[in-house]
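If you want this note's numbering, it's the position in the sequence shown, counting the first as 1, plus 8. Note that CB positions come from ideal geometry on N, CA and C, so glycine has one too. Quick caveat, the model's predicted, so the values are computed rather than measured.
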Amino acid sequence: MADIYHQLADRALADGLPDAGEAAWILDGEDVELLSLLQAAFVPRRKHFGRGVGIQVLNNIQNGLCPEDCGYCAQSKVSEAEIRQYPLRSDEEILRGAEAAARGGAVRYCMAMSGRGPTLARTRRVAELVREIKSRYGIQVCLSAGIMQDEHTKILADAGLDRLNHNLNTSENNYGQICSTHSYADRVQTLEAAKRSGLEICSGIIVGMGEQSSDIFELACKLRDLEAPSIPINFLIPIEGNPLQSDRSLSPERCLRVLCLMRLVNPRAEIRAAGGREGNLRGLQSLALYPANSLFVGGYLTTRGDPMQDTIAMIEDAGFEVAEIEGAAAGNRPEHDPSRFRLTGEESILRPDVQPRDA
Ligand code: SF4
9 MADIYHQLAD
19 RALADGLPDA
29 GEAAWILDGE
39 DVELLSLLQA
49 AFVPRRKHFG
59 RGVGIQVLNN
69 IQNGLCPEDC
79 GYCAQSKVSE
89 AEIRQYPLRS
99 DEEILRGAEA
109 AARGGAVRYC
119 MAMSGRGPTL
129 ARTRRVAELV
139 REIKSRYGIQ
149 VCLSAGIMQD
159 EHTKILADAG
169 LDRLNHNLNT
179 SENNYGQICS
189 THSYADRVQT
199 LEAAKRSGLE
209 ICSGIIVGMG
219 EQSSDIFELA
229 CKLRDLEAPS
239 IPINFLIPIE
249 GNPLQSDRSL
259 SPERCLRVLC
269 LMRLVNPRAE
279 IRAAGGREGN
289 LRGLQSLALY
299 PANSLFVGGY
309 LTTRGDPMQD
319 TIAMIEDAGF
329 EVAEIEGAAA
339 GNRPEHDPSR
349 FRLTGEESIL
359 RPDVQPRDA
């Protein structure tokens with residue numbers, strides 16, 4: 009049995025991948041030893057990324073008001089969730105965000121816009137902002153803006169955009185269960201258009217939406233075929249008011265197995281434990297750092313996440329190190345904070361809180 013873990017690790021080192029039977033075993037096998045599986049996934053992770061963890065912060069530049077019906081998304085027209093809605097932020101606000109990111113030492117500024125996809129006029133406006141950000145601050149820029157064609161992605165590439173995010177979210181087979189207003193094929197063609205224009209792509213999944221294990225493997229292989237260098241793994245956050253609620257498939261162990269599979273299928277990709285990591289991995293979050301080499305911090309598009317300080321403490325406590333910070337909160341990186349080890353008042357947490365025997 010020990011051999012299978014070594015075989016999976018060795019194959020990933022040689023840029024191979026598990027077959028369908030092995031993938032099913034990784035996700036569902038009753039005799040899987042979780043720590044051995046994590047170690048197998050850690051081998052290629054360590055080769056390509058050492059013990060570094062990239063931290064990413066998302067900046068919503070347009071929120072809500074979306075005509076699409078993605079069942080997992082609080083910004084969709086069918087969601088009854090109460091979220092803050094605002095149209096595209098002003099140029100000044102967006103540039104201020106980019107400046108804060110650059111001053112804080114971020115390597116990349118990530119902007120997300122709600123909506124099916126931008127018009128050409130809006131694409132040109134965002135492209136101008138990308139040009140401005142790059143010339144003023146010299147940092148990389150990533151954009152998530154929905155469905156696009158070649159003419160959109162070309163405008164953005166010409167402006168110097170570095171990376172386009174567009175998640176596939178679930179397999180082709182399961183796509184109709186999560187959305188009816190656009191298709192899996194629409195999403196794939198957006199990624200292909202981005203690649204043709206020379207943009208780096210970032211594309212990931214959401215698990216816990218009624219998919220089968222075979223759907224997860226299929227999606228992992230599709231992202232490998234697309235050579236996505238950046239893959240966020242989201243764990244469904246069952247937001248009250250959204251049509252899609254928990255399918256009850258996600259335990260912390262299931263989440264870790266998904267991350268391991270994604271690493272073993274995509275050994276060189278930046279694998280990110282993204283939305284919903286806190287609530288779904290719970291006490292096992294630090295184990296996610298064995299397959300994943302990147303985290304979102306501070307929150308997602310419509311929900312809160314762990315703050316920067318807690319996330320950095322978790323990374324360092326687990327023996328990993330922060331490699332780079334992407335996003336507007338980069339300047340908030342705390343130094344070692346001894347107050348973490350103190351109770352309120354002067355009492356040390358190291359003093360045992362027990363009653364003396366003769367009390
Ligand atoms: S995921 Fe994007 S396209 Fe779908 S509802 Fe949300 S904002 Fe709209």
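Got a sec, what are the start and stop residues for the alpha helix (DSSP H) residue i sits in?
i                : result
alanine 321      : 316 to 325
phenylalanine 50 : 42 to 57
leucine 231      : 221 to 233
glycine 301      : Here residue 301 is asparagine; the residue named in the question, glycine, does not match the sequence. Unbroken run through asparagine 301: none, as it is neither H nor E.
valine 149       : No alpha helix (DSSP H) contains valine 149, which is instead part of the beta strand (DSSP E) from 148 to 152.
proline 159      : Looking at the sequence shown, residue 159 is not proline but glutamate. Segment 158 to 166, the alpha helix (DSSP H) holding glutamate 159.
glutamate 30     : 28 to 36
leucine 264      : 260 to 273
glutamate 76     : Per DSSP, glutamate 76 belongs to no alpha helix (DSSP H) and is neither H nor E.
glutamate 101    : 99 to 111
glutamine 70     : Glutamine 70 -> not in any alpha helix (DSSP H); beta strand (DSSP E) instead, spanning 67 to 70.
asparagine 181   : 180 to 186
leucine 289      : 285 to 289
arginine 195     : 192 to 204
Determine the closest residue to residue i out of the options, with distance taken between C-alpha atoms.
i                 : options                        : result
histidine 160     : Val134, Ser143, Arg144, Cys150 : Val134
serine 191        : Asp77, Ala114, Lys142          : Asp77
glycine 79        : Arg256, Leu35, Ala202, Leu252  : Leu252
arginine 116      : Glu136, Glu100, Arg97, Gln148  : Gln148
arginine 262      : Asn242, Arg130, Ser205         : Asn242
glutamate 41      : Ile63, Ala10, Asp23            : Ala10
leucine 46        : Pro95, Arg232, Leu295          : Leu295
leucine 303       : Leu292, Ala321, Ile186, Gly283 : Gly283
alanine 165       : Arg204, Ala236, Arg256         : Arg204
leucine 43        : Arg265, Arg285, Ala331, Ala277 : Arg265
glutamine 15      : Ala32, Asp223, Ala49, Glu324   : Ala49
leucine 258       : Ser221, Asn68, Ile320          : Ser221
serine 1          : Leu172, Arg144, Ala167, Ser84  : The question about residue 1 has no answer here: the residues shown for the chain are numbered 9 through 367.
alanine 300       : Asp314, Leu244, Arg285, Glu278 : Glu278
methionine 217    : Ala193, Leu66, Ile247          : Ile247
isoleucine 245    : Ala82, Glu235, Gly146, Cys150  : Ala82
lysine 162        : Gln64, Thr319, Arg132, Arg144  : Arg132
alanine 31        : Arg111, Tyr13, Ala22           : Tyr13
leucine 96        : Ser84, Ala120, Leu297          : Ala120
proline 260       : Leu25, Leu289, Leu297, Glu235  : Leu289
serine 238        : Lys85, Ala28, Ile63, Glu324    : Ile63
cysteine 150      : Gly184, Met156, Leu207         : Leu207
threonine 127     : Asp27, Asp158, Met316, Asp18   : Asp158
phenylalanine 328 : Pro52, Gly154, Tyr145, Phe57   : Phe57
Start and end of the beta strand (DSSP E) containing residue i?
i              : result
glutamine 64   : 60 to 64
methionine 119 : 116 to 121
proline 240    : 238 to 243
glutamine 15   : That residue, glutamine 15, is in no beta strand (DSSP E); its alpha helix (DSSP H) goes 10 to 21.
glutamate 90   : First-last for glutamate 90: undefined, no H or E at that position.
isoleucine 279 : 278 to 281
leucine 172    : 171 to 173
isoleucine 214 : 213 to 215
glutamate 140  : Taken as a continuous stretch (DSSP letters only), glutamate 140 belongs to no beta strand (DSSP E), being part of the alpha helix (DSSP H) at 128 to 145.
isoleucine 209 : 208 to 210
Residues proximal to the ligand SF4 by C-beta, any heavy atom closer than 5 Å: Cys74, Glu76, Cys78, Cys81, Gln83, Ser84, Ser122
Cβ contact (3+ pairs, closer than 8 Å) linking the region 192 to 209 and the region 90 to 100: no
Inter-stretch contact at 8 Å, needing at least 3 Cβ pairs: the region 213 to 229 / the region 270 to 280: yes
Segment contact, 8 Å Cβ cut-off, at least three pairs: the region 101 to 111 with the region 136 to 144: yes
Stretch pair the region 169 to 180 + the region 210 to 220: three plus CB contacts closer than 8 Å: yes
Given 8 Å, three or more beta-carbon pairs between the region 23 to 40 and the region 63 to 72: no
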